[in-house]
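Okay, so here's the structure we're looking at.
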Amino acid sequence: MDFMLEEELMDLMTFCLQNPESSEVLEKKKRITEIGQELFLDGGIDALENFFFSLKNRIIQEIEKDPSPLRSLWNGLTTEWHY
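Sequential numbering of the sequence shown, starting at 179, is according to this note's numbering.
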């Protein structure tokens, strides 16, 4: 399941970074938040950190864009996540 969520997050984040003006971005960001909630419930803050670290490296390698601004979509899931 983790692999599937990672791939879905990869697709969603890549889309948002490559198409910031698209009408679909809001929907994609909502799904990113939902996945973050699933990850947090399953593995806590460590799961969020590990997933984002992995995704950030992949996205930077593949499309040369930094997904760090998307980290804030997971704010509010826990008081430990402040981005």
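For every residue, glycine included, the Cβ atom is placed at its ideal position computed from N, Cα and C.
Round the Cβ separation of residue i and residue j to the nearest angstrom and send it over; I've been treating them as touching at under 8 Å.
i: MET188; j: LEU217; result: Not a contact, Cβ separation roughly 14 Å.
Is the beta carbon of residue j closer than 7 Å to that of residue i?
i: PRO247; j: ILE237; result: no
i: ILE213; j: LEU251; result: no
i: LEU255; j: GLN196; result: no
i: GLU258; j: ILE223; result: yes
What first and last residue would you give for the alpha helix (DSSP H) that runs through residue i?
i: SER201; result: Where SER201 is concerned, there is no enclosing alpha helix (DSSP H), given that its DSSP letter is neither H nor E.
i: GLU258; result: Note, GLU258: premise wrong, no alpha helix (DSSP H); not H, not E.
i: ASP189; result: 180-196
**Asked** Using 8 Å as the threshold, is the region 211-230 in touch with the region 192-201, meaning 3 or more CB pairs across them?
**Response** Counting C-beta pairs with one atom in each stretch, the region 211-230 and the region 192-201 have fewer than three that are closer than 8 Å, which means they do not touch.
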